[in-house]
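Chemist: Below is the structure I would like to discuss, written out as structure tokens.
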Amino acid sequence: MTDRAEKPRLAVFKFTSCSGCQLPFLNMETEILDLAESIEVAYFAMAGASQPGPYDLAFVEGGISCQEDARRIRKVREESRILVAIGNCAVYGGPQALRNFLPLEELKRAVYPQPELIHCFPTCQGIADYVSVDGFLNGCPVDHGHLQDYIVSVMLGKAPEVSTRSVCLECKMKENVCLIVAEGVACMGVLTGSGCGALCPSFDRGCYGCFGPSADPNLKSFANLCRELGLTEEEIHRKFRYIVNNAEAFREEAERHVPQPVES
Amino acid sequence: MSDRRLYVDYLARMEGDGAMDIVIGENGEIKKAAWEVWEPPRFFEAFLIGRKVEEAPELVQRICGICPHAHHISSLRAMERAMGVKVSEQTRLLRELMHYSDWIMSHALHIYCLAAPDFVGYESVVAMAGNPDLLPIVGKALGAKRLGNDMIVAICGHEIQNRTSVLGGYTAVPSKATLQALKDRLKASKEFGYETAKLAAQLANAEPYKSLERKAEYVSLYDPKRYPINEGKLYSNDGFEAPDEEYPIWILEKHVPNCNCKHATLKGKGNLVVGPLMRVNNNFGTLSADARKIAAEVGFSVPCFKPFMSIVARALELVHAIDSAIELIDVLGEPKLEPIKYEYKAGESYAVTEAARGICCHGGRVDKNGVIQKYDLIAPTARNIASLEDDFRAFVPKLVNLPDDDLKLKCEMMIRNYDPCQSCATHSIKVNLHREK
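Residue numbers (the working numbering), protein chains in the order written: chain F, 1 to 264; chain L, 1 to 437.
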């Protein structure tokens, strides 16, 4: 075993989120005890570690949605050599960024009987809106293998590999039958970043874009495809305003397809 | 403040942003005992309005990474009920197996990684594994947790967020060979379940834990024939009974200052408490035969109103979940891919499932085009907050002679008894203890 003082100090922090991106660390059941031999888990509240900084490698789950989040993320940035945003919330603001498109006062009144007691920002944003970020790992939730690769790369001193390809390519590599071609499903795999292993298409479901946009997505062509498949503008709008709604490319594409009021 | 019927947001999870505030007066009286939740609001109930009905179960599983399946299945059942959609027997069984897989993962995690380190005096499970005497059982616990996760992957396609389960059924089903391989591993885990129950009983039967007792309104689902996980009626040890779709009538919530999580009460009754100990109390007769046999062997019987016995109840449910999963795999045989068919229909309904940490309620109103007009949800932790403060008031005076550090730890353990959600149940909770001199 290496000397404790030489072990890199790892930290995991949570902001506005569901904790689902911290879980992959706890799901490394077979590796967790080995990992503890070579790195020091210095801060990870969910696992019981709460040592003060500085940290060599900090993973951040969750978006920034209130004053306290903003204060804490700045402090985490100051204390961390390498800061990595993990998952939809930390990268883009998460599913709850759907609230960004509604007025805050209306939201508070809809959920709380005493809205004046609730204090938060009008939006939930990814952490890069507040601090500089050294790496981004997408996914809703983040992939357990990607986290491991990232940790190992940092320990070896090499640049972590982060794919910019699309789910479509992963699907081809798995030799899946294309859902768009064979079943006329408006599958978002063509413009979604890879990393999931084409999970949903492998289970006969269209991709809904939970890894966010791939590099240079052809949004216009996909929207045309959706129309050809018979989707309404409102349905195209909802495709982009869903799990990953606050990535710039998806957010702006949603705005190009204005939903029509639905009759009840 | 008078009780009001409210919409609940989910924010009760409070990981990292919950504080416990206890003030003890100069004569040892408790002046304040509060658990304050500052987890930022996420407004799920507000932005679900206007979404399509299929999208709700997909979005709500992202409320909580720890019990996504409970939120997902509650939402599916509520939306299906609202539109009069009937699912096949195979879908019901697969949903049950999916949820028991989650219980196996969650209970193994809570017992060993969250609760046990407190009882044996370690900071974390990794520190606990440093003790050569404890390493073998920690290894087995991580193995059982892995088994729960592998089962979830086999059924849902992903270990956290399900990908195959949708409104009306499944888009993909596990093969018989996959299920049989899991069954072999489940059978091999039975011994571990038994060891866990023995260990849990040994830990909880020490002082002061075994003397701390408080009778309360224990609420869970109930079914006279089958241990309730996805279906059953609402039930309490004190004579309350109602169909689960009526939860909005019976479970009331109030908004209190200094807490972003609304506090729940049972209409006409008062504070309530939910979770494994409450389920086991209300449904002891339908636990698996082996779980009941082990209960007798470790000296656990119902009624039991000792919150620190929750770890034993959780261990008995772990045994029961392993037995139930084996049985479900046998009944499922070779699952078939079934067509998913339903039509949009206007309606309103609600449904309750049992998350590992207690009842999880979802529901709302859908229009004829399948667009959600209203959505409501209550996570388990919301229900336990008020009751937890009652535990503080009942137990802190009995422990008041302990030094501050030990008393704080005991209070943290009182929170952890309810496994609020693993993240909030751990050491992230800031404890303020003031003694007035």
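Glycine is no exception: its CB is placed at the ideal position from the N, C-alpha and C atoms.
Within 8 Å, do at least three Cβ pairs link the segment 81-96 of chain F to the segment 107-115 of chain F?
Modeler: no
Chemist: So, for ALA291(L): in the same chain, excluding its five sequence neighbours on each side, which residues have a beta-carbon less than 6 Å away from its beta-carbon?
Modeler: LEU316, VAL319, HIS320
Chemist: Would you say VAL60(F) and VAL76(F) are within 9 Å of each other, going by their C-beta atoms?
Modeler: The beta carbons of VAL60(F) and VAL76(F) sit closer together than 9 Å.
Chemist: Looking only at its own chain, which residues have a Cβ that is under 6 Å from the Cβ of SER106(L), when we skip the five neighbours before and after it?
Modeler: ALA356
Chemist: Check the Cβ-Cβ distances between TYR55(F) and every residue of chain L, and say whether any is below 9 Å.
Modeler: no
Chemist: Beta-carbon of ARG42(L) versus every beta-carbon of chain F: anything under 9 Å?
Modeler: yes
Chemist: Note down the Cα distance separating GLU338(L) from ILE229(L), rounded to an integer number of angstroms.
Modeler: 23 Å
Chemist: Run through chain F and tell me which residues come within less than 8 Å of ARG314(L), C-beta to C-beta.
Modeler: Ordered by position in chain F, no residue passes the 8 Å Cβ test against ARG314(L), which lies about 17 Å from the chain.
Chemist: Which first and last residues belong to the alpha helix (DSSP H) in which GLU231(L) is found?
Modeler: Unbroken run through GLU231(L): none, as it is neither H nor E.
Chemist: Counting Cβ pairs closer than 8 Å, one from the segment 167-180 of chain F and one from the segment 202-214 of chain F, do we hit at least three?
Modeler: yes
Chemist: What are the complete alpha helix (DSSP H) segments, minimum 4 residues, inside the segment 122-193 of chain L?
Modeler: If only complete runs of 4 or more residues are kept, the segment 122-193 of chain L shows the alpha helix (DSSP H) at 125-129, 135-156, in order along the chain.
Chemist: Using the beta-carbon of each residue, which ones in chain F are nearer than 9 Å to LYS145(L)?
Modeler: What LYS145(L) touches in chain F: LEU26, ASN27, GLU29.
Chemist: Could you list which residues in chain F have their beta carbon closer than 9 Å to that of LEU142(L), in chain order?
Modeler: Simply GLU29, THR30, ILE32, LEU33.
Chemist: Less than 9 Å between the C-beta atoms of GLY20(F) and LEU83(F), yes or no?
Modeler: no
Chemist: Which same chain residues, not among the five before or five after LEU251(L), have their C-beta less than 6 Å away from its C-beta?
Modeler: The sequence given here has Ile at residue 251(L), not Leu. These residues qualify, in order along the chain: ALA264.
Chemist: Which class does ASN369(L) belong to by DSSP, given the choice of helix, strand or coil?
Modeler: coil
Chemist: Leaving out the 5 sequence neighbours to the left and right, which residues in its chain are closer than 8 Å to GLU241(L) when beta-carbon positions are compared?
Modeler: TYR222, LYS233, LEU234, TYR235
Chemist: Apart from the five residues just before and just after PRO238(L), which ones in its own chain have a Cβ nearer than 6 Å to its Cβ?
Modeler: Checking the displayed sequence, the identity of residue 238(L) turns out to be Asp instead of Pro. Excluding residues within five positions, the ones whose Cβ falls inside 6 Å are GLU217.
Chemist: Assign ILE249(L) to buried or exposed, taking buried as 16 or more other Cβ atoms, counted over all protein chains shown, within 10 Å of its Cβ.
Modeler: Under the 10 Å beta carbon count, ILE249(L) is surrounded by fewer than 16 other beta carbons and is classified as exposed.
Chemist: Are any of the Cβ atoms in chain L nearer than 9 Å to that of GLU105(F)?
Modeler: no
Chemist: Count the other CB atoms, across all protein chains shown, that sit within 10 Å of the CB of LYS145(L); report buried if there are 16 or more and exposed otherwise.
Modeler: buried
Chemist: Would you kindly check if the distance between the Cβ of ARG165(F) and the Cβ of SER214(F) is under 9 Å?
Modeler: yes
Chemist: Throw me the rounded Cβ distance for the ARG77(L) and ALA351(L) pair, which I believe falls under 8 Å.
Modeler: 4 Å
Chemist: Take every Cβ of the segment 179-198 of chain L, pair it with every Cβ of the segment 149-168 of chain L, and state whether three or more of those distances are shorter than 8 Å.
Modeler: yes
Chemist: Just reading off the beta strand (DSSP E) that PHE44(F) is part of, what are its end residues?
Modeler: For PHE44(F), the enclosing beta strand (DSSP E) stretches over residues 40-44.
Chemist: Roughly how many angstroms lie between the CA atoms of VAL400(L) and PRO307(L), to the nearest whole one?
Modeler: 18 Å
Chemist: Please work out which residues of its chain come closer than 8 Å, Cβ to Cβ, to VAL331(L), disregarding the five sequence neighbours upstream and downstream, and give them in chain order.
Modeler: Listed in chain order, the non-local C-beta contacts of VAL331(L) below 8 Å within the same chain comprise LEU93, local neighbours out to five positions each way being set aside.
Chemist: Just mark ASN282(L) as buried or exposed, buried being the case when its beta carbon has 16 or more other beta carbons within 10 Å.
Modeler: ASN282(L) is buried by the Cβ-count criterion.
Chemist: Compute the Euclidean distance between the alpha carbons of TYR10(L) and GLY358(L), then round it to the nearest angstrom.
Modeler: Note that TYR10(L) scores 24 on pLDDT, short of 50, meaning its location in the model is unreliable; the coordinates nonetheless yield the value given after this. Cα-Cα distance, rounded: 14 Å.
Chemist: With a threshold of 7 Å on Cβ separation, who are the neighbours of TYR247(L) within its own chain once the five nearest residues in sequence on each side are excluded?
Modeler: LEU234, TYR350, VAL352, CYS361
Chemist: In terms of DSSP beta bridges, what is SER202(F) paired with?
Modeler: Answer is none; SER202(F) lacks a bridge partner.
Chemist: With 9 Å set as the bound, which would you pick, yes or no: does the beta-carbon of ASN149(L) sit closer than that to a beta-carbon of chain F?
Modeler: yes
Chemist: Going along chain F in order, which residues have a C-beta closer than 8 Å to the C-beta of ARG163(L)?
Modeler: LEU199, CYS200, PHE203, ARG205
Chemist: Identify every run of the beta strand (DSSP E) within the segment 18-66 of chain F, keeping only runs that are complete inside it and at least 3 residues long; order them along the chain.
Modeler: 40-44, 55-61
Chemist: What's the gap between the Cα of PRO259(F) and the Cα of TYR43(F)?
Modeler: Roughly 44 Å separates the two Cα atoms.
Chemist: Going by DSSP in three states, CYS113(L) sits in which element: helix, strand or coil?
Modeler: helix
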